[in-house]
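One structure below.
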Amino acid sequence: MLSQLRVLGIAIAALVVGWLLMLALVWIAAGTKDLSPVVASGTQQYLNALTIGAIYALIALGYTMVYGIIELINFAHGDVFMVGAFLSLFVMTSLGFSGAISNPFLLVGVLVLVFVVVMVVMGLLGVGIERFAYRRLRNAPRLAPLITAIGVSFILQNFIQVFTNSQVPSPQLISLSNRFDFLGASIAYLNVLIFVIAIVLMVGLQIFVTGTRLGRAMRSTAQDREAAQLMGVDINLTIAVTFFIGSALAGAAGIVYGLYFGNIQFNIGFFAGLKAFTAAVLGGIGNTVGAALGGFLIGFIEVGAVVVGLSRWSEALVFTVLILVLVFRPSGLLGQPLGERA
Amino acid sequence: MSDQAVPANEEMILSAHEITKQFGGLSALRNITVDIPRGSIFSLIGPNGAGKTTFFNVIAGILPPTHGSIDLRGQRMIAPPARAWLEPVVWFVPPLLVLALGIAVSGGNIQAIALWSLGALLIATVILPTGLARPPWYERAIAAMGIFRTARPNDMVRAGVGRTFQNIRLFQYMTTLENVLVGMHLQLKSTPVDALLSSRKQKQEEELARKRARDFLRLVGLTGRDHELARNLPYGDQRRLELARALACEPALLLLDEPTAGMNPRETADMTALINRLRHDLGLTVLLIEHDMRVVMGISDWITVLDHGERIAEGTPEEVRRNPKVIEAYLGTPAG
Amino acid sequence: MTEPQAVTSKEEPPERAPSDTMDRIVSWFSRHRSISVIVAMALFSVLLPLLVLLPPLSGFNRQGVWIDNFNGAGIFVLLALGLNVVVGFSGLLDLGYAAFFAIGAYFYALVASSFTGVHLPFWPMLILGAFVAALFGVALGAPTLRLRGDYLAIVTLGFGEIVPVFFTNSDALTNGTNGIAGIDRPSLPGITFGAANPLPFYVTIVVILTIVLIFLYRLEDSRLGRAWMAIREDELAAASSGVNTVTTKLLAFALGASTAGLAGVFSASRLVFVSPDQFLFTVSFTVLAMVVLGGMGNIWGVAAGAFIIFLIQSVFLRQLTNFLQPLGIPFISDIDFLKYQFLIYGIALVSMMLLRPEGLFPSGRRKRELHTEGEMEELTAPGEAAEPLA
Chain A
0 MLSQLRVLGI AIAALVVGWL LMLALVWIAA GTKDLSPVVA SGTQQYLNAL TIGAIYALIA
60 LGYTMVYGII ELINFAHGDV FMVGAFLSLF VMTSLGFSGA ISNPFLLVGV LVLVFVVVMV
120 VMGLLGVGIE RFAYRRLRNA PRLAPLITAI GVSFILQNFI QVFTNSQVPS PQLISLSNRF
180 DFLGASIAYL NVLIFVIAIV LMVGLQIFVT GTRLGRAMRS TAQDREAAQL MGVDINLTIA
240 VTFFIGSALA GAAGIVYGLY FGNIQFNIGF FAGLKAFTAA VLGGIGNTVG AALGGFLIGF
300 IEVGAVVVGL SRWSEALVFT VLILVLVFRP SGLLGQPLGE RA
Chain B
0 MSDQAVPANE EMILSAHEIT KQFGGLSALR NITVDIPRGS IFSLIGPNGA GKTTFFNVIA
60 GILPPTHGSI DLRGQRMIAP PARAWLEPVV WFVPPLLVLA LGIAVSGGNI QAIALWSLGA
120 LLIATVILPT GLARPPWYER AIAAMGIFRT ARPNDMVRAG VGRTFQNIRL FQYMTTLENV
180 LVGMHLQLKS TPVDALLSSR KQKQEEELAR KRARDFLRLV GLTGRDHELA RNLPYGDQRR
240 LELARALACE PALLLLDEPT AGMNPRETAD MTALINRLRH DLGLTVLLIE HDMRVVMGIS
300 DWITVLDHGE RIAEGTPEEV RRNPKVIEAY LGTPAG
Chain C
0 MTEPQAVTSK EEPPERAPSD TMDRIVSWFS RHRSISVIVA MALFSVLLPL LVLLPPLSGF
60 NRQGVWIDNF NGAGIFVLLA LGLNVVVGFS GLLDLGYAAF FAIGAYFYAL VASSFTGVHL
120 PFWPMLILGA FVAALFGVAL GAPTLRLRGD YLAIVTLGFG EIVPVFFTNS DALTNGTNGI
180 AGIDRPSLPG ITFGAANPLP FYVTIVVILT IVLIFLYRLE DSRLGRAWMA IREDELAAAS
240 SGVNTVTTKL LAFALGASTA GLAGVFSASR LVFVSPDQFL FTVSFTVLAM VVLGGMGNIW
300 GVAAGAFIIF LIQSVFLRQL TNFLQPLGIP FISDIDFLKY QFLIYGIALV SMMLLRPEGL
360 FPSGRRKREL HTEGEMEELT APGEAAEPLA
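Protein chains in written order, with numbering that gives the first Met the number 0: chain A, 0 to 341; chain B, 0 to 335; chain C, 0 to 389.
Written out as structure tokens, the structure is:
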């Protein structure tokens with residue numbers, strides 16, 4: 000209980016610090032001494048960072064869980080996110096919704112439906128990928144499953160690409176213009192909603208991982224697969240569940256992406272995946288809290304780069320962060336220092 | 000604990016002082032001190048999980064100790080690093096200085112900056128590989144700056160340590176001969192340039208190397224199977240091959256981790272005789288982890304007993320056999 | 000090393016049967032590898048332009064276009080051979096290989112084009128470009144090669160992304176997304192390397208490939224080659240046998256990068272134009288697919304795989320589409336196979352890893368070594384007791 004309170008405290012502190020930092024960045028970039036536009040713009044950018052960060056965090060969780068349990072970088076994971084975005088587009092348009100929904104009950108109903116459907120389907124997709132592409136190679140030399148993962152990634156990307164090569168508009172069920180005022184800044188409901196959804200999912204994951212038997216099985220398998228097996232843990236089932244949850248979260252991230260940005264493309268998974276993986280590494284691979292933290296940090300870095308005028312370099316910046324973290328602190332922010340030596 | 004210390008006037012090939020290794024909260028090794036005289040067969044025994052292989056891995060340079068140091072032939076090889084931060088500084092500061100200088104001097108001229116960065120890069124790619132390859136003059140310069148870097152596995156091999164593994168680690172998809180040739184890696188002197196040019200020096204050395212590799216194979220009793228893949232060899236031969244590969248490193252100290260594991264009595268007797276012969280004919284010092292007490296009692300000059308990461312007994316085979324602490328550790332009951 | 004001992008004479012060859020003659024020919028070629036490579040490449044490169052004069056190949060393209068395609072294929076063969084050193088020999092997964100290709104190409108574009116006004120000659124720049132790429136290989140490798148396999152893969156992927164981004168965003172230096180045009184073609188007295196004449200490029204790439212192949216075979220059979228393979232098999236055991244894993248991996252990286260640099264310079268001079276789009280992840284992925292499908296570690300297998308895959312991609316897929324379209328088969332005729340090519344690669348990669356991870360042409364090196372007669376076989380009776388080393 001105490002550690003959870005501590006995490007909560009740190010999270011809140013981080014949120015506040017992040018907001019102030021963003022304000023500082025905007026202020027430096029703007030160069031004006033006038034505070035109120037800085038607060039307005041800075042708060043909006045901060046919310047952007049939180050939203051983008053939430054997307055990365057949700058994707059990063061899948062990476063970190065899978066890596067923690069079978070030590071594989073699931074290259075296809077980012078593309079599961081992308082497929083999730085397209086699936087949510089499909090579901091929404093099939094139901095006949097292509098724009099903002101004003102009736103709040105209908106809105107909630109549609110959202111719940113979309114989330115449930117997409118998350119379950121993506122979860123199953125993840126399980127399927129594991130079952131057919133990765134399971135046989137669990138004990139193969141490391142190169143083989145990595146290459147397979149890249150192959151799966153390309154299969155997913157190109158499968159979608161065949162249908163549509165360019166940007167496709169995705170229904171924004173809540174308009175970004177739907178805003179409210181808070182402390183002088185105008186905040187979009189969508190930002191808040193996305194953040195809340197992400198937090199709910201992440202907290203739910205933490206509860207599952209720490210509180211349930213299956214969650215404990217996941218953690219013990221991640222620590223020592225043989226010992227877990229000896230304790231009676233069904234390894235195949237545990238790994239499948241891990242993939243299910245990770246992919247479902249990626250699917251959720253896909254829905255969020257479509258809602259927020261309003262258009263999607265077959266290659267968003269590639270870049271988002273890389274950045275989310277950076278987030279997972281930054282936070283400490285195998286550590287779910289770290290992945291969430293890393294996700295928000297990366298979102299912050301990305302938006303921060305845009306704010307100071309380096310938007311063209313935002314990708315390069317994120318990858319540089321990745322390289323620096325791996326070289327100087329490979330265990331990430333929240334991970335244990337690795338004792339392994341070649 | 001036996002009171003009889005190893006005779007002090009003998010030359011110690013390896014001296015380990017107070018080696019401690021902690022993994023998180025777990026102490027795998029605690030203040031292990033071991034002195035191994037040259038030319039002896041020194042055994043390390045103890046129940047499972049006592050820390051024997053961990054100790055091997057520390058000596059072999061695979062695991063850095065949390066505390067303690069190891070000297071090989073009088074030279075400090077392994078110890079917690081000193082001024083480790085300084086080495087990256089030595090590597091990166093010169094090129095960064097050049098880069099900064101370039102940016103300052105060229106005043107916005109992109110092409111000039113590009114040239115300066117290329118120059119900085121050139122400097123970096125001269126310094127960095129040197130820092131990684133660690134030629135002797137570099138090591139001396141580093142040592143003079145007070146920087147100490149604990150030895151890595153290949154450094155220990157260069158210093159004269161060869162080893163085998165508890166679970167055989169051969170190069171499965173390479174042939175028997177190739178496995179031994181890799182062991183001879185440090186003994187061969189031809190460079191990649193020689194290889195590219197296929198110089199006479201290269202060809203000669205390769206021929207001689209193959210001959211010598213076959214000698215090592217003959218030494219361990221593996222002949223006529225040069226071109227078979229290591230993975231296709233029967234178990235006993237795989238162990239011999241691993242031994243041949245270790246011998247190819249021309250070690251002064253040979254670390255054998257359970258060399259007779261999984262062998263039947265006849266194979267065990269053969270291996271034991273081989274180890275003895277290696278000590279006599281090649282003047283090797285052998286540090287042995289073994290569970291088979293007949294082997295241990297049969298060929299050891301000196302035995303150290305570990306349990307739960309600590310040394311609980313040490314002495315000649317006779318002394319250790321009768322030591323009540325040892326009996327308790329193995330059988331779990333206090334001796335009467 | 001001990002002093003040279005007297006060379007024991009070779010055994011008398013036993014009775015010759017017809018298959019023994021084949022074996023003898025094969026073993027002669029495997030002992031005189033350089034000559035074999037030169038002969039094989041010469042034969043192959045002469046036959047190819049003649050083959051495409053025959054139907055149905057003649058129907059796909061004119062000979063000139065075919066030869067131009069071969070030049071493109073040659074570039075990818077070169078890339079695949081270089082990546083093979085990194086991935087195939089040493090087991091290091093480099094996912095950003097196109098970055099070194101880009102570095103070579105942009106290097107040449109900057110030293111030999113109307114964009115910069117500098118016009119250094121092609122042939123020395125070929126070598127220098129390889130060297131510059133190798134420098135970057137070392138610069139990337141030095142801090143990152145101690146990372147474990149999957150992390151290294153991601154880092155190289157990141158590097159592969161950063162480099163094109165750098166070229167895109169550095170407008171002043173590299174003309175950004177527009178790329179650099181007006182790059183000089185190579186020049187030799189009396190020979191024009193022109194757009195209309197792909198033959199000089201063809202001969203050049205054949206010569207480059209021959210030299211690279213010879214070098215690669217020599218390295219494979221050397222102390223360094225064995226060290227690479229030992230690292231791939233079991234890095235810890237390699238280190239415990241004395242191999243300095245860091246420098247050995249760096250050498251692999253440097254060599255791989257230098258080969259890509261060669262390819263880059265050649266490609267820039269052939270296309271007379273470089274732009275960041277030429278060096279995206281799809282290129283890295285394609286080369287990786289070529290190495291994996293061709294048989295990681297097997298030099299000629301990788302070369303063959305790269306050649307075949309390139310031609311499939313650039314010629315045959317289009318022909319397949321053109322062929323099936325007029326036939327009016329429902330659904331199949333509508334497929335533009337070119338669009339699907341990466342889907343096919345992906346499926347091929349996954350299938351290969353699951354079914355035949357050694358690739359289409361697995362390393363026959365060991366098979367050859369098992370049958371060679373050139374080795375001096377010392378006569379020892381099986382089970383003879385080991386003797387003390389003199």
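Virtual Cβ for every residue (Gly too), placed ideally from N, Cα, C.
What does residue i reach in chain C if we use C-beta pairs closer than 7 Å?
i, result
"A132 (chain B)", "N243 and T246"
"L187 (chain B)", "R222"
Give me, in chain order, the residues of the same chain whose beta-carbon lies closer than 7 Å to that of residue i; leave out the 5 immediate sequence neighbours on both sides.
i, result
"E151 (chain B)", "The question names Glu, but residue 151 (chain B) in the sequence shown is Arg. Answer for R151 (chain B): G60, listed in chain order."
"R137 (chain A)", "I69"
"V291 (chain C)", "L348, M351 and G358"
By Cβ distance below 6 Å, which residues in the same chain neighbour residue i in space, the five residues on each side in sequence not counted?
i, result
"Q264 (chain A)", "Q166"
"F242 (chain A)", "G125, V126 and E129"
"E55 (chain B)", "Contrary to the premise, residue 55 (chain B) reads as Phe rather than Glu in this sequence. Hits under 6 Å: L254 and D256."
"M230 (chain A)", "none"
"G303 (chain A)", "L24"
"F207 (chain A)", "G214"
"A226 (chain C)", "V242 and T247"
In its own chain, which residues sit with a C-beta less than 8 Å from the C-beta of residue i, not counting the 5 before and 5 after it?
i, result
"S186 (chain C)", "P120, F121 and F192"
"R365 (chain C)", "Low confidence applies here, because R365 (chain C) scores a pLDDT of 41, under 50, leaving its location unreliable; read the following figure in that light. Closer than 8 Å at the Cβ level, and outside the excluded window around R365 (chain C), lies no residue."
Out of the options, which has the shortest C-alpha to C-alpha gap to residue i?
i, options, result
"V84 (chain C)", "C:A180, C:N174, C:L250 and C:V273", "C:L250"
"A141 (chain C)", "C:F158, C:T246, C:G87 and C:N70", "C:T246"
"A171 (chain C)", "B:A111, B:A140 and B:A208", "B:A111"
"Q74 (chain B)", "B:P323, B:D193 and B:E10", "B:E10"
"S239 (chain C)", "B:G235, B:L246 and B:D236", "B:L246"
"A119 (chain B)", "B:R321, B:D291 and B:W90", "B:W90"
"R239 (chain B)", "B:V219, B:G223 and B:C248", "B:V219"
"R37 (chain B)", "B:V125, B:L252, B:G161 and B:A312", "B:L252"
"N68 (chain C)", "C:G327, C:V282, C:Y96 and C:I311", "C:I311"
"P233 (chain B)", "B:R72, B:I167 and B:S26", "B:I167"
"E232 (chain C)", "B:R278, B:M173 and B:L273", "B:M173"
Quick check: does the Cβ of residue i come within less than 7 Å of any heavy atom belonging to the ligand NAP?
i, result
"V202 (chain C)", "Summarising the ligand content, the structure contains no ligands, and the ligand NAP is consequently not present."
Suppose contacts are defined by Cβ-Cβ distances below 8 Å. Is residue i in contact with residue j by that definition?
i, j, result
"F100 (chain C)", "G128 (chain C)", "no"
"L325 (chain A)", "G289 (chain A)", "no"
"V320 (chain A)", "S313 (chain A)", "no"
"F299 (chain A)", "A23 (chain A)", "no"
"I66 (chain C)", "L215 (chain C)", "no"
"F276 (chain A)", "I153 (chain C)", "yes"
Please list the partners that residue i has in chain C, where partner means a Cβ-to-Cβ separation under 8 Å.
i, result
"W312 (chain A)", "V164 and N168"
Show which residues of chain B have a CB atom less than 7 Å away from the CB atom of residue i.
i, result
"R225 (chain C)", "E177, L180 and V181"
What does residue i reach in chain B if we use C-beta pairs closer than 9 Å?
i, result
"L249 (chain C)", "L127, P128, L131 and A132"
"D233 (chain C)", "R168, L169, F170 and Q171"
Residue i touches chain A at which residues, Cβ-Cβ below 9 Å?
i, result
"V84 (chain C)", "By Cβ distance, chain A contributes nothing, its closest Cβ being about 15 Å from V84 (chain C), past 9 Å."
Inter-stretch contact (C-beta, 8 Å, three-pair minimum) for the stretch 293 to 311 of chain A and the stretch 6 to 23 of chain A:
Flag = yes, the stretch 293 to 311 of chain A and the stretch 6 to 23 of chain A touch.
State whether the stretch 11 to 22 of chain B contacts the stretch 62 to 70 of chain B, with contact taken as three or more CB pairs (one from each stretch) at a distance under 8 Å.
The stretch 11 to 22 of chain B makes contact with the stretch 62 to 70 of chain B: 3 or more CB pairs, one atom from each, lie closer than 8 Å.
Answer yes if the stretch 259 to 276 of chain A comes into contact with the stretch 74 to 82 of chain A, meaning at least three C-beta pairs across the two stretches below 8 Å, and no otherwise.
Three or more beta-carbon pairs separated by less than 8 Å link the stretch 74 to 82 of chain A to the stretch 259 to 276 of chain A, which places the two stretches in contact.
Answer yes if the stretch 193 to 204 of chain B comes into contact with the stretch 221 to 241 of chain B, meaning at least three C-beta pairs across the two stretches below 8 Å, and no otherwise.
As far as the Cβ criterion goes, the stretch 221 to 241 of chain B does not touch the stretch 193 to 204 of chain B, which means the pair count is below three.
Touching or not, the stretch 89 to 98 of chain C and the stretch 315 to 323 of chain C, by the rule of three or more beta carbon pairs under 8 Å?
No, the stretch 89 to 98 of chain C is not in contact with the stretch 315 to 323 of chain C.
Examine the Cβ distances between the stretch 143 to 163 of chain B and the stretch 74 to 84 of chain B and report whether three or more of them are shorter than 8 Å.
With a cut-off of 8 Å, the stretch 74 to 84 of chain B and the stretch 143 to 163 of chain B count as touching, because enough Cβ pairs lie within range.
Would you check if the stretch 38 to 46 of chain B and the stretch 291 to 300 of chain B touch, i.e. whether three or more CB-CB distances between them fall below 8 Å?
A contact between stretches requires three or more CB pairs, one per stretch, nearer than 8 Å, and the stretch 291 to 300 of chain B meets this requirement with the stretch 38 to 46 of chain B.
Contact the stretch 172 to 186 of chain B vs the stretch 263 to 281 of chain B: 3+ CB pairs below 8 Å
No: the two stretches stay apart, fewer than three of their Cβ pairs being nearer than 8 Å.
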